[in-house]
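> Just so it is clear: in the sequence shown, position 149 is 149 by full-length UniProt numbering, and no numbers are missing.
Think of the CB as a built atom: it goes at the ideal place given N, C-alpha and C, for glycine as much as any other residue.
I have a structure here, written as C-alpha coordinates, and I will follow up with some questions on it.
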Amino acid sequence: MYVRESYEDLRYRLIELASRGPKNTKHKFLVTGTSGVGKSCFLIYFLILHLCEQDVPIIFQSHKNKEVFYCFENLNLSSGSYKDFSTHWNSSETWYLADGIISPELVSAKTVIALSPRGVAKDKFQEIDKDIVKKFNMSPWTLGELSFCREHVFPEVPQDIMQELYYKAGGVPRYVFRRVEISLHYGSDPKIDVERQMIIYEAFERVQQALLLVEDFSGLLNCFTENAYFIQYSSRLVHRWADSSYIGFHLQWASRYIQDEIEKNLDKQSWKSLLEKIQTMKEYPAARGLMFEMFVIHLFRSCNEQFQMRELLEDPKPTSTPGHKKFSLNKPVTANIRTAAELASKNDNNINLPDTTNFGAADLFLGMLTVYDWMVRTAV
(Lines of atoms letter the chains of each structure in order from A; the text may use other names.)
(Lines give C-alpha, C1' and ligand atoms only; values in the text may rest on other atoms or scores of the structure.)
Protein backbone atom coordinates (compact mmCIF):
# COMPACT_ATOMS: atom_id res chain seq x y z
CA MET A 1 0.00 0.00 0.00
CA TYR A 2 1.24 3.47 -0.89
CA VAL A 3 0.69 5.81 2.07
CA ARG A 4 0.00 9.36 0.96
CA GLU A 5 0.97 12.31 3.12
CA SER A 6 -2.71 13.22 3.30
CA TYR A 7 -3.44 9.84 4.93
CA GLU A 8 -1.13 10.66 7.80
CA ASP A 9 -2.46 14.20 8.15
CA LEU A 10 -6.12 13.14 8.12
CA ARG A 11 -5.61 10.31 10.58
CA TYR A 12 -3.89 12.68 13.01
CA ARG A 13 -6.72 15.21 12.62
CA LEU A 14 -9.43 12.62 13.25
CA ILE A 15 -7.75 11.18 16.34
CA GLU A 16 -7.11 14.64 17.75
CA LEU A 17 -10.69 15.78 17.17
CA ALA A 18 -12.10 12.56 18.63
CA SER A 19 -10.24 13.26 21.87
CA ARG A 20 -12.13 16.52 22.40
CA GLY A 21 -15.41 17.10 24.17
CA PRO A 22 -17.22 15.10 26.87
CA LYS A 23 -16.78 11.35 26.89
CA ASN A 24 -20.31 10.79 25.58
CA THR A 25 -19.77 12.96 22.48
CA LYS A 26 -20.92 11.13 19.35
CA HIS A 27 -18.06 11.89 16.98
CA LYS A 28 -18.91 11.55 13.30
CA PHE A 29 -16.49 12.41 10.48
CA LEU A 30 -16.83 12.36 6.71
CA VAL A 31 -13.92 11.92 4.28
CA THR A 32 -14.96 12.69 0.71
CA GLY A 33 -13.37 13.74 -2.56
CA THR A 34 -13.10 12.82 -6.21
CA SER A 35 -14.01 9.20 -6.90
CA GLY A 36 -11.05 6.85 -7.21
CA VAL A 37 -8.42 8.85 -5.28
CA GLY A 38 -7.98 6.40 -2.39
CA LYS A 39 -10.59 7.07 0.29
CA SER A 40 -11.10 3.33 0.86
CA CYS A 41 -7.34 2.83 1.15
CA PHE A 42 -7.27 5.57 3.76
CA LEU A 43 -9.70 3.60 5.95
CA ILE A 44 -7.50 0.49 5.60
CA TYR A 45 -4.46 2.57 6.56
CA PHE A 46 -6.36 4.01 9.54
CA LEU A 47 -7.41 0.51 10.60
CA ILE A 48 -3.91 -1.00 10.42
CA LEU A 49 -2.15 1.79 12.31
CA HIS A 50 -4.84 2.06 14.94
CA LEU A 51 -4.66 -1.67 15.64
CA CYS A 52 -0.91 -1.32 16.13
CA GLU A 53 -1.10 1.72 18.40
CA GLN A 54 -4.43 1.50 20.26
CA ASP A 55 -6.09 -1.35 22.14
CA VAL A 56 -9.68 -0.42 21.27
CA PRO A 57 -12.35 -2.20 19.18
CA ILE A 58 -12.65 -1.22 15.52
CA ILE A 59 -15.64 -2.23 13.40
CA PHE A 60 -15.27 -2.11 9.62
CA GLN A 61 -18.15 -2.11 7.12
CA SER A 62 -17.66 -2.31 3.34
CA HIS A 63 -20.12 -1.33 0.62
CA LYS A 64 -19.29 -4.62 -1.12
CA ASN A 65 -21.20 -6.52 1.57
CA LYS A 66 -22.84 -3.95 3.81
CA GLU A 67 -24.80 -6.52 5.86
CA VAL A 68 -21.57 -7.96 7.29
CA PHE A 69 -19.51 -6.15 9.93
CA TYR A 70 -15.90 -7.01 10.82
CA CYS A 71 -14.78 -6.42 14.40
CA PHE A 72 -11.08 -6.15 15.28
CA GLU A 73 -10.43 -6.50 19.02
CA ASN A 74 -7.54 -7.84 21.13
CA LEU A 75 -5.74 -9.19 18.04
CA ASN A 76 -8.86 -11.16 17.12
CA LEU A 77 -11.14 -10.76 14.11
CA SER A 78 -14.81 -11.67 14.14
CA SER A 79 -17.62 -11.00 11.68
CA GLY A 80 -21.37 -10.84 12.04
CA SER A 81 -24.50 -8.77 11.72
CA TYR A 82 -25.18 -5.38 13.28
CA LYS A 83 -26.89 -6.96 16.31
CA ASP A 84 -23.87 -9.17 17.05
CA PHE A 85 -21.86 -6.12 18.14
CA SER A 86 -24.50 -4.19 20.11
CA THR A 87 -22.17 -3.71 23.09
CA HIS A 88 -19.51 -2.06 20.93
CA TRP A 89 -21.95 0.23 19.15
CA ASN A 90 -22.90 1.85 22.46
CA SER A 91 -19.29 2.50 23.46
CA SER A 92 -17.56 5.78 22.65
CA GLU A 93 -14.26 3.87 22.74
CA THR A 94 -15.16 1.94 19.58
CA TRP A 95 -14.20 3.18 16.12
CA TYR A 96 -16.66 2.50 13.30
CA LEU A 97 -15.19 2.74 9.77
CA ALA A 98 -17.82 2.82 7.01
CA ASP A 99 -16.44 2.44 3.49
CA GLY A 100 -18.80 3.74 0.82
CA ILE A 101 -21.89 3.27 3.01
CA ILE A 102 -24.71 5.64 2.05
CA SER A 103 -26.80 4.88 5.15
CA PRO A 104 -24.30 4.08 7.94
CA GLU A 105 -25.46 3.09 11.40
CA LEU A 106 -26.31 5.91 13.83
CA VAL A 107 -24.33 4.81 16.88
CA SER A 108 -22.33 6.17 19.81
CA ALA A 109 -19.06 4.79 18.42
CA LYS A 110 -16.60 7.19 16.80
CA THR A 111 -17.66 7.09 13.15
CA VAL A 112 -15.52 7.72 10.05
CA ILE A 113 -17.33 7.55 6.72
CA ALA A 114 -15.45 7.47 3.41
CA LEU A 115 -17.87 8.40 0.64
CA SER A 116 -17.77 9.97 -2.82
CA PRO A 117 -19.65 13.22 -3.59
CA ARG A 118 -22.18 11.13 -5.48
CA GLY A 119 -23.02 9.17 -2.33
CA VAL A 120 -23.08 12.30 -0.18
CA ALA A 121 -25.68 13.85 -2.50
CA LYS A 122 -28.11 10.94 -2.20
CA ASP A 123 -31.23 11.26 -0.07
CA LYS A 124 -30.39 8.24 2.08
CA PHE A 125 -27.26 9.95 3.36
CA GLN A 126 -29.03 13.11 4.47
CA GLU A 127 -30.24 11.62 7.76
CA ILE A 128 -26.72 11.11 9.11
CA ASP A 129 -25.40 14.20 7.32
CA LYS A 130 -27.42 16.31 9.76
CA ASP A 131 -25.08 15.19 12.56
CA ILE A 132 -21.76 15.47 10.69
CA VAL A 133 -19.99 18.74 11.44
CA LYS A 134 -16.44 17.78 10.49
CA LYS A 135 -16.06 17.01 6.79
CA PHE A 136 -12.72 16.51 5.10
CA ASN A 137 -11.65 16.41 1.46
CA MET A 138 -9.02 14.25 -0.20
CA SER A 139 -7.28 15.60 -3.29
CA PRO A 140 -6.38 13.76 -6.50
CA TRP A 141 -2.81 12.51 -6.82
CA THR A 142 0.11 14.52 -8.10
CA LEU A 143 2.34 13.16 -10.85
CA GLY A 144 5.09 12.67 -8.27
CA GLU A 145 2.83 10.51 -6.09
CA LEU A 146 1.74 8.44 -9.08
CA SER A 147 5.33 7.91 -10.23
CA PHE A 148 6.46 6.74 -6.79
CA CYS A 149 3.46 4.44 -6.46
CA ARG A 150 4.00 2.99 -9.93
CA GLU A 151 7.62 2.19 -9.13
CA HIS A 152 6.81 0.33 -5.90
CA VAL A 153 3.25 -0.97 -6.31
CA PHE A 154 2.45 -1.10 -10.04
CA PRO A 155 5.84 -1.69 -11.73
CA GLU A 156 4.16 -3.55 -14.63
CA VAL A 157 2.38 -0.34 -15.70
CA PRO A 158 4.68 1.47 -18.19
CA GLN A 159 5.76 4.95 -17.13
CA ASP A 160 4.85 6.52 -20.47
CA ILE A 161 1.30 5.11 -20.39
CA MET A 162 0.86 6.32 -16.81
CA GLN A 163 1.96 9.83 -17.78
CA GLU A 164 -0.22 9.97 -20.89
CA LEU A 165 -3.28 8.95 -18.87
CA TYR A 166 -2.39 11.45 -16.14
CA TYR A 167 -2.40 14.28 -18.69
CA LYS A 168 -5.75 13.06 -20.04
CA ALA A 169 -7.66 11.85 -16.97
CA GLY A 170 -5.86 13.64 -14.12
CA GLY A 171 -4.48 12.18 -10.91
CA VAL A 172 -6.88 9.28 -10.33
CA PRO A 173 -5.16 5.91 -9.71
CA ARG A 174 -8.28 4.05 -10.83
CA TYR A 175 -7.59 5.14 -14.42
CA VAL A 176 -3.81 5.38 -14.55
CA PHE A 177 -3.17 2.11 -12.66
CA ARG A 178 -6.15 -0.19 -12.06
CA ARG A 179 -7.71 -0.17 -15.51
CA VAL A 180 -4.30 -0.39 -17.19
CA GLU A 181 -3.38 -3.32 -14.95
CA ILE A 182 -6.57 -5.15 -15.98
CA SER A 183 -5.78 -4.66 -19.68
CA LEU A 184 -2.27 -6.00 -19.14
CA HIS A 185 -3.66 -9.08 -17.40
CA TYR A 186 -5.61 -9.84 -20.60
CA GLY A 187 -2.34 -10.01 -22.49
CA SER A 188 -2.19 -6.58 -24.12
CA ASP A 189 1.39 -5.72 -25.12
CA PRO A 190 2.26 -2.05 -24.47
CA LYS A 191 5.27 -2.35 -26.81
CA ILE A 192 2.99 -2.85 -29.82
CA ASP A 193 1.58 0.52 -30.85
CA VAL A 194 -1.94 -0.68 -31.69
CA GLU A 195 -2.24 -2.56 -28.39
CA ARG A 196 -0.73 0.36 -26.49
CA GLN A 197 -3.40 2.68 -27.87
CA MET A 198 -6.07 0.14 -26.93
CA ILE A 199 -4.77 0.04 -23.34
CA ILE A 200 -5.07 3.83 -23.13
CA TYR A 201 -8.50 3.76 -24.76
CA GLU A 202 -9.82 1.15 -22.31
CA ALA A 203 -8.37 2.98 -19.30
CA PHE A 204 -9.86 6.31 -20.42
CA GLU A 205 -13.21 4.92 -21.60
CA ARG A 206 -15.25 5.90 -18.53
CA VAL A 207 -13.94 9.46 -18.65
CA GLN A 208 -14.73 9.60 -22.37
CA GLN A 209 -18.30 8.54 -21.63
CA ALA A 210 -18.64 11.47 -19.23
CA LEU A 211 -17.23 13.86 -21.84
CA LEU A 212 -19.93 12.84 -24.30
CA LEU A 213 -22.58 14.11 -21.88
CA VAL A 214 -21.23 17.67 -22.03
CA GLU A 215 -22.41 18.50 -25.52
CA ASP A 216 -23.99 21.88 -24.76
CA PHE A 217 -24.22 24.58 -22.09
CA SER A 218 -26.72 22.61 -19.99
CA GLY A 219 -24.28 19.73 -19.84
CA LEU A 220 -21.54 22.09 -18.71
CA LEU A 221 -23.73 23.45 -15.90
CA ASN A 222 -24.50 19.90 -14.77
CA CYS A 223 -20.79 19.42 -14.05
CA PHE A 224 -21.18 21.75 -11.07
CA THR A 225 -24.55 20.79 -9.65
CA GLU A 226 -25.05 18.41 -6.75
CA ASN A 227 -27.45 16.22 -8.68
CA ALA A 228 -26.68 12.68 -7.53
CA TYR A 229 -27.24 11.23 -11.00
CA PHE A 230 -24.87 13.57 -12.84
CA ILE A 231 -22.17 13.63 -10.15
CA GLN A 232 -21.25 10.07 -11.08
CA TYR A 233 -20.15 11.46 -14.46
CA SER A 234 -19.05 15.00 -13.63
CA SER A 235 -16.60 13.80 -10.95
CA ARG A 236 -14.58 12.28 -13.78
CA LEU A 237 -14.30 15.71 -15.42
CA VAL A 238 -14.07 18.13 -12.48
CA HIS A 239 -11.87 17.28 -9.51
CA ARG A 240 -11.89 18.55 -5.93
CA TRP A 241 -8.59 19.83 -4.57
CA ALA A 242 -8.41 20.23 -0.79
CA ASP A 243 -6.75 23.15 0.96
CA SER A 244 -4.10 22.66 3.66
CA SER A 245 -6.77 22.06 6.32
CA TYR A 246 -8.52 19.41 4.17
CA ILE A 247 -11.79 21.15 5.06
CA GLY A 248 -12.09 23.63 2.21
CA PHE A 249 -11.62 22.78 -1.44
CA HIS A 250 -11.61 24.26 -4.91
CA LEU A 251 -12.77 22.77 -8.19
CA GLN A 252 -10.45 22.20 -11.11
CA TRP A 253 -10.80 20.51 -14.47
CA ALA A 254 -9.34 17.01 -14.27
CA SER A 255 -6.91 17.91 -17.05
CA ARG A 256 -6.22 20.45 -19.76
CA TYR A 257 -7.24 17.79 -22.29
CA ILE A 258 -10.72 17.53 -20.76
CA GLN A 259 -11.12 21.30 -20.63
CA ASP A 260 -10.14 21.57 -24.30
CA GLU A 261 -12.54 18.80 -25.34
CA ILE A 262 -15.44 20.48 -23.51
CA GLU A 263 -14.60 23.83 -25.09
CA LYS A 264 -14.77 22.23 -28.55
CA ASN A 265 -18.27 20.92 -27.83
CA LEU A 266 -19.78 24.28 -26.89
CA ASP A 267 -21.34 26.34 -29.65
CA LYS A 268 -21.06 30.12 -30.09
CA GLN A 269 -24.43 30.77 -28.47
CA SER A 270 -23.30 28.92 -25.35
CA TRP A 271 -20.26 31.16 -24.97
CA LYS A 272 -22.34 34.27 -25.58
CA SER A 273 -24.67 33.53 -22.67
CA LEU A 274 -22.02 32.05 -20.37
CA LEU A 275 -21.32 35.19 -18.33
CA GLU A 276 -25.02 35.76 -17.70
CA LYS A 277 -25.44 32.19 -16.51
CA ILE A 278 -22.39 32.37 -14.23
CA GLN A 279 -23.95 35.29 -12.38
CA THR A 280 -26.97 33.15 -11.45
CA MET A 281 -24.84 30.38 -9.88
CA LYS A 282 -24.37 32.08 -6.52
CA GLU A 283 -24.80 28.78 -4.64
CA TYR A 284 -21.75 27.37 -6.47
CA PRO A 285 -18.93 29.91 -5.90
CA ALA A 286 -16.15 27.44 -6.75
CA ALA A 287 -17.88 26.60 -10.02
CA ARG A 288 -18.31 30.27 -10.95
CA GLY A 289 -14.58 30.87 -10.68
CA LEU A 290 -13.71 27.83 -12.76
CA MET A 291 -16.23 28.67 -15.47
CA PHE A 292 -15.11 32.32 -15.62
CA GLU A 293 -11.53 31.13 -16.03
CA MET A 294 -12.67 28.86 -18.86
CA PHE A 295 -14.47 31.76 -20.52
CA VAL A 296 -11.42 34.05 -20.34
CA ILE A 297 -9.10 31.41 -21.80
CA HIS A 298 -11.61 30.83 -24.60
CA LEU A 299 -11.66 34.59 -25.19
CA PHE A 300 -7.88 34.70 -25.62
CA ARG A 301 -7.75 31.63 -27.81
CA SER A 302 -10.58 32.17 -30.24
CA CYS A 303 -11.77 35.77 -30.33
CA ASN A 304 -10.64 38.93 -32.07
CA GLU A 305 -10.74 41.05 -28.92
CA GLN A 306 -8.88 44.04 -27.50
CA PHE A 307 -7.48 43.90 -23.97
CA GLN A 308 -5.90 46.36 -21.57
CA MET A 309 -2.50 45.64 -20.03
CA ARG A 310 -0.67 47.14 -17.08
CA GLU A 311 3.10 46.81 -16.83
CA LEU A 312 4.46 44.75 -13.94
CA LEU A 313 7.41 46.74 -12.55
CA GLU A 314 10.40 44.80 -11.29
CA ASP A 315 11.08 46.96 -8.22
CA PRO A 316 8.15 49.38 -7.84
CA LYS A 317 8.36 52.45 -5.60
CA PRO A 318 5.46 54.47 -4.14
CA THR A 319 5.97 57.07 -6.88
CA SER A 320 6.28 54.53 -9.70
CA THR A 321 3.67 54.65 -12.42
CA PRO A 322 3.23 51.45 -14.43
CA GLY A 323 2.73 51.79 -18.14
CA HIS A 324 -0.57 50.93 -19.78
CA LYS A 325 -1.27 49.78 -23.30
CA LYS A 326 -3.85 47.94 -25.34
CA PHE A 327 -3.30 44.89 -27.50
CA SER A 328 -5.41 42.76 -29.77
CA LEU A 329 -5.49 39.05 -30.44
CA ASN A 330 -6.81 37.42 -33.56
CA LYS A 331 -7.08 33.68 -32.93
CA PRO A 332 -3.40 33.14 -32.01
CA VAL A 333 -1.60 29.81 -32.24
CA THR A 334 -2.12 27.75 -29.09
CA ALA A 335 0.43 25.37 -27.56
CA ASN A 336 0.61 23.37 -24.34
CA ILE A 337 3.51 23.37 -21.89
CA ARG A 338 4.39 21.19 -18.91
CA THR A 339 7.41 23.04 -17.47
CA ALA A 340 8.34 26.71 -17.20
CA ALA A 341 11.54 26.03 -19.16
CA GLU A 342 9.45 25.29 -22.26
CA LEU A 343 8.32 28.94 -22.41
CA ALA A 344 11.73 30.01 -23.72
CA SER A 345 11.24 27.97 -26.89
CA LYS A 346 7.79 29.36 -27.72
CA ASN A 347 7.16 32.10 -30.27
CA ASP A 348 5.96 35.58 -29.35
CA ASN A 349 2.19 36.10 -29.47
CA ASN A 350 1.53 32.40 -29.00
CA ILE A 351 -0.96 31.31 -26.35
CA ASN A 352 0.72 28.77 -24.04
CA LEU A 353 -1.52 26.75 -21.72
CA PRO A 354 -0.09 24.71 -18.81
CA ASP A 355 -0.96 21.02 -18.90
CA THR A 356 -0.38 20.70 -15.16
CA THR A 357 -0.94 22.60 -11.91
CA ASN A 358 2.78 23.35 -11.46
CA PHE A 359 2.35 27.03 -12.31
CA GLY A 360 0.56 28.32 -9.22
CA ALA A 361 -2.02 30.91 -10.25
CA ALA A 362 -0.96 31.13 -13.90
CA ASP A 363 -3.56 29.71 -16.30
CA LEU A 364 -2.24 31.13 -19.56
CA PHE A 365 1.01 32.57 -20.97
CA LEU A 366 1.38 34.90 -23.94
CA GLY A 367 4.92 35.46 -25.22
CA MET A 368 5.75 39.21 -25.28
CA LEU A 369 8.81 41.38 -24.85
CA THR A 370 7.38 43.18 -21.80
CA VAL A 371 5.60 41.52 -18.90
CA TYR A 372 2.14 42.93 -18.33
CA ASP A 373 -0.84 42.17 -16.13
CA TRP A 374 -3.93 41.52 -18.26
CA MET A 375 -7.26 42.82 -17.06
CA VAL A 376 -10.60 41.32 -18.00
CA ARG A 377 -13.09 43.90 -16.79
CA THR A 378 -16.32 41.93 -16.98
CA ALA A 379 -17.74 41.56 -13.46
CA VAL A 380 -18.95 38.21 -12.15
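Should I102 and L30 be called a contact, given that it needs their Cβ atoms to be closer than 7 Å?
No, the Cβ-Cβ distance between I102 and L30 is not below 7 Å.
> What are the residues that DSSP puts in a beta bridge with A335?
According to DSSP, A335 bridges with N352.
> Could you spell out the range, first to last residue, of the alpha helix (DSSP H) harbouring N265?
N265 -> alpha helix (DSSP H) spans 256-265.
> On the three-state DSSP scale, how would you describe I247?
Coil, per DSSP.
> Over what stretch of residues does the alpha helix (DSSP H) that includes residue 415 continue unbroken?
Lying before the first or after the last residue shown, residue 415 is absent from the chain, which here runs from 1 to 380.
> In the structure shown, what three-state DSSP assignment does I15 receive?
Helix.
> Using the C-alpha atoms, what's the distance from G33 back to Q208?
Rounded to whole angstroms, Q208 to G33 spans 20 Å at the Cα level.
> Should A203 and R179 be called a contact, given that it needs their Cβ atoms to be closer than 7 Å?
Contact: yes.
> To which residues does DSSP link W253 through a beta bridge?
W253 pairs with V238.
> Could you check whether K23 and S91 sit closer than 7 Å to each other, using their CB atoms as the reference points?
No.
> Measuring only the C-alpha atoms, how far is F17 from W141?
The sequence given here has Leu at residue 17, not Phe. One C-alpha to the other measures close to 25 Å.
> Please go through the same chain and pick out, in chain order, the residues whose beta-carbon is closer than 7 Å to the beta-carbon of D189, but skip the five residues on each side of it.
Taken in chain order, the residues that qualify are E195.
> Taking F72 and L106 to be in contact with their CB atoms under 8 Å, please state how far apart those CB atoms are, rounded to whole angstroms.
With a Cβ gap of about 21 Å, F72 and L106 do not count as contacting.
> Is it right to say L14 is buried, meaning 16 or more other beta carbons lie within 10 angstroms of its own, or is it exposed?
Buried, by the Cβ-count rule.
> Between the Cα of D131 and the Cα atoms of R256, K110, G219, which residue gives the shortest distance?
D131 has its Cα closest to that of K110, out of R256, K110, G219.
> Below 8 Å on the Cβ atoms is my guess for L220 versus I262; work out the distance and round it to an integer in Å.
About 7 Å; that satisfies the 8 Å criterion.
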